[in-house]
Amino acid sequence: MHLVPQWRALIRRAWSIRLILIAGLLSGLEAGLSLASPDATGLPSGLFAGLSALVTAAAFAARLIAQRME
Numbered sequence: 001m002h003l004v005p006q007w008r009a010l011i012r013r014a015w016s017i018r019l020i021l022i023a024g025l026l027s028g029l030e031a032g033l034s035l036a037s038p039d040a041t042g043l044p045s046g047l048f049a050g051l052s053a054l055v056t057a058a059a060f061a062a063r064l065i066a067q068r069m070e
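Going by full-length UniProt numbering, the sequence shown wraps up at 70, each residue one higher than the last.
Here is the structure:
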């Protein structure tokens with residue numbers, strides 16, 4: 001395995017990377033809110049998990065689509 005030649009530009013500009021970071025943030029929010037106050041948030045159970053799954057699916061699709069590196 002080896003890195004692509006422009007890996008630094010890829011990390012900054014690829015939508016798949018951005019979406020993966022958003023999915024990680026949503027997963028962290030879900031864990032943090034459930035630890036802080038599991039019943040007091042007023043949000044439906046599994047909301048952030050569902051959003052994280054959708055964003056992860058979008059990241060997978062974005063990884064398959066050719067993206068211009070401007």
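All residues carry an ideal CB built from backbone N, CA and C; glycine is no exception.
The structure presented is a predicted model; accordingly, all values stated were derived computationally and were not measured.
Next on the checklist: Could you compute how far the alpha carbon of Pro5 sits from the alpha carbon of Ile11?
Outcome noted: Translated into positions along the sequence shown, residue 5 becomes position 5. Translated into positions along the sequence shown, residue 11 becomes position 11. Approximately 12 Å between the Cα atoms of the pair.
Checklist entry - Taking DSSP as the reference, what is the three-state secondary structure of His28? => result The residue you call residue 28 lines up with position 28 of the sequence shown. According to the sequence provided, residue 28 is Gly. The question's His does not apply to it. Looking at Gly28 - three-state DSSP - the assignment turns out to be helix.
Checklist entry - Distance, Cα to Cα, Ala62 vs Leu54? => result In the sequence shown, the residue the question calls residue 62 occupies position 62. In the sequence shown, the residue the question calls residue 54 occupies position 54. Using only the alpha carbons, I get a separation of about 12 Å.
Next on the checklist: Looking at Trp7: is its Cβ nearer than 9 Å to the Cβ of Ala59?
Outcome noted: In the sequence shown, residue 7 corresponds to position 7, counting from 1. In the sequence shown, residue 59 corresponds to position 59, counting from 1. Against a cut-off of 9 Å, the Cβ pair of Ala59 and Trp7 comes out as no contact.
Next on the checklist: Using the Cβ count rule (16 or more neighbours within 10 Å means buried), how would you classify Leu26?
Outcome noted: Sequence index remark: in the sequence shown, residue 26 carries index 26 (1-based). Buried, since its Cβ has 16 or more Cβ neighbours within 10 Å.
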